[in-house]
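Engineer: Please find one structure pasted underneath; my questions will follow.
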Amino acid sequence: MKFRILTLFPEQFDSFAQTSIIGNAVRDGHIEISCTQIRDYSESKHRSVDDAPFGGGQGMVMQVQPLKDAMHSEPIGENAKVIYLSPRGKTLTHDKVVELSELAELILVCGHYEGVDQRFIDTYVDEEISIGDYVLTGGELAAMVVVDSVSRLIPGVLRDANASLDESFASGLLEYPHYTRPAIYDEMEVPAVLRSGNHAEIEYWRLVQALEITKVRRPDLYNAFMKHEHDEKTRRMLKKYLKT
Ligand SMILES: NC(=O)c1ccc(NC2CCCC2)nc1
37 MKFRILTLFP
47 EQFDSFAQTS
57 IIGNAVRDGH
67 IEISCTQIRD
77 YSESKHRSVD
87 DAPFGGGQGM
97 VMQVQPLKDA
107 MHSEPIGENA
117 KVIYLSPRGK
127 TLTHDKVVEL
137 SELAELILVC
147 GHYEGVDQRF
157 IDTYVDEEIS
167 IGDYVLTGGE
177 LAAMVVVDSV
187 SRLIPGVLRD
197 ANASLDESFA
207 SGLLEYPHYT
217 RPAIYDEMEV
227 PAVLRSGNHA
237 EIEYWRLVQA
247 LEITKVRRPD
257 LYNAFMKHEH
267 DEKTRRMLKK
277 YLKT
């Protein structure tokens, strides 16, 4: 997967692209992250990329020309999708992340100021995506969220492949609680079942915890999960759970 980031602040991605899981994925060649500095493609003096909004109002708008030329500074792959990060976009979900992870190339356009000229969006952007209902100073943090969540689904990026399946959302439920050593800390003891070695009981305990947490915090996910088909083992555990 190749991520191309169009941004005014490429330096913001330096440590992100070198650190931890993402850094290893880049080093191992599972993903590529290349930033294009939009300002390098400004044709105006003082390398400006924005101008006042037609119709008046406060703030500035990013102009089409620098964005267009930054976009064409590298060939746009066949199986590439151009995404503009903005609060107006459809909110990112696990299903969308799965869909994006199957592409060969993602071009992520990071806006600043009040946004970008609509003619750029109409001509080049395939999809507007939001990471949540709040406003950020620029699209860069949202772009990193897309890169991080999509990269985790690229084969080879996570050591233990089904780790990403156990995670929240992949199973359709919020995650069960996690514990590690020591078994007792500040008089707080790890639930005994987790140290019993009884894998069936442990699996059941984890499912119940996930169901309970999801029922309280995300009843929408809980109801959807209860409507879905499940494998025989899960069905059996659900039957037992619903009897309690
Ligand atoms: N919720 C989001 O995903 C999001 C994305 C971009 C942004 N701000 C950018 C967009 C245009 C100018 C700054 N704010 C919020």
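Using this note's numbering, read the sequence shown as starting at 37 and increasing by one per residue.
All residues carry an ideal CB built from backbone N, CA and C; glycine is no exception.
Alpha carbons only, please: which of Leu-44, Ile-249, Glu-211 is nearest the one belonging to Val-85?
Structural biologist: Ranking Leu-44, Ile-249, Glu-211 by Cα distance to Val-85 puts Leu-44 first.
Engineer: Determine the DSSP secondary structure at Leu-139, reduced to helix, strand or coil.
Structural biologist: Leu-139 falls in the coil class under three-state DSSP.
Engineer: Excluding the 5 residues flanking Gly-113 on each side, which residues of the same chain have their C-beta closer than 6 Å to its C-beta?
Structural biologist: Closer than 6 Å at the Cβ level, and outside the excluded window around Gly-113, lie Ala-140, Glu-141.
Engineer: Looking only at DSSP bridge pairs, what is Arg-40 linked to?
Structural biologist: For Arg-40, which the question treats as bridged, DSSP gives the partners Ser-70, Ile-143.
Engineer: By Cβ distance below 6 Å, which residues in the same chain neighbour Met-180 in space, the five residues on each side in sequence not counted?
Structural biologist: Phe-52.
Engineer: To which residues of the same chain is Val-226 closer than 6 Å at the C-beta, ignoring the five residues directly before and after it?
Structural biologist: Excluding positions up to five away in sequence, the list reads Tyr-215, Ala-219.
Engineer: Measure from the alpha carbon of Gln-99 to the alpha carbon of each residue in His-148, Ile-119, Gln-54, Gly-93, then state which is nearest.
Structural biologist: When only C-alpha atoms are compared, the closest one is His-148.
Engineer: Use the C-beta contact count for Ile-41: other C-beta atoms within 10 angstroms, 16 or more gives buried, fewer gives exposed.
Structural biologist: Looking at its Cβ environment, which holds 16 or more other Cβ atoms inside 10 Å, Ile-41 is buried.
Engineer: Asp-131 to Leu-189, Cα distance in whole Å?
Structural biologist: Spanning the two alpha carbons is a distance of roughly 11 Å.
Engineer: Could you tell me if the beta carbon of Leu-172 falls within a distance shorter than 7 Å of some heavy atom in ligand 1?
Structural biologist: Flag set: Cβ of Leu-172 near ligand 1.
Engineer: For the region 64-135, which segments carrying the alpha helix (DSSP H) assignment without a break, of at least 4 residues, lie completely within its bounds, in sequence order?
Structural biologist: Counting only runs of 4 or more, we get 100-107.
Engineer: Using only the alpha-carbon positions, how far apart do Arg-155 and Gln-101 sit?
Structural biologist: Going by the C-alpha atoms only, they are around 10 Å apart.
Engineer: Compute every distance between the C-beta of Ser-166 and the non-hydrogen atoms of ligand 1, then say whether any falls below 7 Å.
Structural biologist: Yes, ligand 1 has a heavy atom inside 7 Å of this Cβ.
Engineer: For a test of your reading of the model: does the CB of Ala-178 fall under 7 Å from any non-hydrogen atom of ligand 1? Yes or no.
Structural biologist: Flag set: Cβ of Ala-178 near ligand 1.
Engineer: Inspect the beta-carbon positions of Val-193 and Ile-57 and report whether they are closer than 8 Å.
Structural biologist: Yes, Cβ-Cβ distance for Val-193 and Ile-57 is below 8 Å.
Engineer: With respect to 7 Å, is the separation between the Cβ of His-266 and the closest non-hydrogen atom of ligand 1 below this value?
Structural biologist: No; taking the cut-off as 7 Å, the Cβ of His-266 has no heavy atom of ligand 1 nearer than that.
Engineer: Can you tell me where the alpha helix (DSSP H) holding Glu-248 begins and where it ends?
Structural biologist: 235-253 is the span of the alpha helix (DSSP H), which, as asked, contains Glu-248.
Engineer: Would the C-beta of Ser-122 count as close to ligand 1, meaning under 7 Å from any of its heavy atoms?
Structural biologist: It does: the Cβ of Ser-122 is within 7 Å (strictly closer) of some heavy atom of ligand 1.
Engineer: Ligand 1 heavy atoms versus the CB of Gly-93: any closer than 7 Å?
Structural biologist: Because no heavy atom of ligand 1 lies under 7 Å away, the Cβ of Gly-93 does not count as near it: no.
Engineer: In chain order, what residues of the same chain have a beta carbon less than 7 Å from the beta carbon of Asp-105, not counting five sequence neighbours either side?
Structural biologist: Taken in chain order, the residues that qualify are Tyr-77.
Engineer: Quick one: what does DSSP say Glu-150 is sitting in, helix, strand or coil?
Structural biologist: Glu-150 falls in the coil class under three-state DSSP.
Engineer: List the endpoints of the continuous alpha helix (DSSP H) containing Glu-47.
Structural biologist: Neither: Glu-47 is in no alpha helix (DSSP H) and is coded neither H nor E.
Engineer: Mapping DSSP to helix, strand and coil, what is Ile-165?
Structural biologist: Ile-165 falls in the strand class under three-state DSSP.
Engineer: Can you say whether Gln-54 is buried or exposed, counting buried as having 16 or more other CB atoms within 10 angstroms of its CB?
Structural biologist: Exposed.
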